[in-house]
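*Asks:*
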Amino acid sequence: MKTILTILMAFSFLIAGKPKFTDQQIAAMTPQYFKRNHSAPKLTGLKIYKDGGDRIYQVEIMADRSRSSDDLSFAVSALANMGQYAKKPFKKYVVVMHYNVRGKNADVCTANARCTADYMIRKQVTYDHWYKKCVTFTSS
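Per my numbering, residue 405 is the first one in the sequence shown, and the count goes up by one each step.
1. Per the DSSP calculation, L447 is bridged to which residue(s)?
2. Assign K454 to buried or exposed, taking buried as 16 or more other Cβ atoms, counted over all protein chains shown, within 10 Å of its Cβ.
3. Count Cβ pairs between the segment 521-538 and the segment 451-469 that sit closer than 8 angstroms; are there 3 or more?
4. Quick check: the Cα distance between Q436 and V498, rounded to an integer number of angstroms?
5. Run through DSSP, which three-state label would R459 get?
6. Hey, N504 and M466: beta-carbon distance below 9 angstroms or not?
7. Can you list, in chain order, the residues of its chain whose CB lies under 6 angstroms from that of K451, leaving out five sequence neighbours each side?
8. Closer than 6 angstroms by C-beta to F494: which residues in its own chain qualify, once you throw out the five before and the five after it? Chain order, please.
9. Among V512, F438, G507, Y535, which residue has its Cα nearest to the Cα of A482?
10. Once you ignore the five residues that flank Y531 on each side, which residues in its own chain have a CB closer than 8 angstroms to its CB?
11. Using the three-state DSSP reduction, which class does N566 fall into: helix, strand or coil?
12. On a CA-only basis, which of D427, D475, S543, R506 is nearest N441? Give me that one, please.
13. Would you give the residue range spanned by the alpha helix (DSSP H) that Y546 belongs to?
14. Going by the beta-carbon positions, is the gap between K491 and K536 smaller than 9 angstroms?
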């Protein structure tokens with residue numbers, strides 16, 4: 405009887421896996437993710453929304469022009485790491501990078517969520533594959 409109970413408990417933990425959070429909980433935890441790392445860019449906005457049926461997780465950051473690549477990497481990584489705990493999976497991650505440079509428009513990076521997780525979390529694809537196939541850049 406003890407063995408059956410142990411097996412059932414182990415099975416329930418395997419099914420449950422990672423904890424899953426609502427959009428409101430993800431949104432509440434995201435600023436803390438940025439604050440706990442002293443080299444993180446300043447988080448200036450956060451939005452979780454639907455567009456054409458796609459669930460989108462977006463952050464806006466104040467990027468340092470000389471560290472913009474590092475700031476972008478941190479922000480996309482934050483979205484991938486936080487997004488894996490969402491109850492409903494995201495389709496896209498969006499990072500809007502603002503600069504303290506007069507006349508410079510914001511840069512927008514849109515990443516496929518599954519492909520980004522394959523690169524940043526599961527380590528199943530290379531950086532080159534991710535950069536060429538999963539990410540698009542626009543200027544606003």
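A virtual CB, placed ideally from N, CA and C, is assigned to each residue, including glycine.
*Replies:* According to the data block:
1. Position 43 of the sequence shown, counted from the first residue, corresponds to residue 447. DSSP, once it has assigned bridges, lists I465 as partnering L447.
2. As a working note, residue 454 is residue 50 in the sequence shown. Exposed, since its Cβ has fewer than 16 Cβ neighbours within 10 Å.
3. no
4. As a working mapping, residue 436 is identified with position 32 in the sequence shown. As a working mapping, residue 498 is identified with position 94 in the sequence shown. Q436 and V498: Cα-Cα distance of roughly 18 angstroms.
5. As a working note, residue 459 is residue 55 in the sequence shown. Three-state DSSP puts R459 in a strand.
6. Working through the sequence shown from its first residue, we reach residue 504 at position 100. Working through the sequence shown from its first residue, we reach residue 466 at position 62. For N504 and M466, yes; Cβs fall inside 9 angstroms.
7. Within the sequence shown, the letter at position 47 stands for residue 451. Here the set comprises Q462.
8. For the purposes of this step, residue 494 is taken as the residue at position 90 of the sequence shown. Answer for F494: R459, Y461, G487, A517, listed in chain order.
9. What you label residue 482 is simply residue 78 of the sequence shown in a count that begins at 1. If we check each option's Cα against that of A482, F438 comes out closest.
10. Walking along the sequence shown from the start, residue 531 turns up at place 127. Taken in chain order, the residues that qualify are Y523.
11. Lying outside 405 to 544, the shown extent of the chain, residue 566 is not represented and no answer is given.
12. One-based indexing of the sequence shown puts residue 441 at position 37. When only C-alpha atoms are compared, the closest one is D475.
13. With the chain running from 405 to 544 in the structure shown, residue 546 is simply not present.
14. Along the sequence shown, read from residue 1 onward, the residue named residue 491 stands at position 87. Along the sequence shown, read from residue 1 onward, the residue named residue 536 stands at position 132. No, they are not a contact pair.
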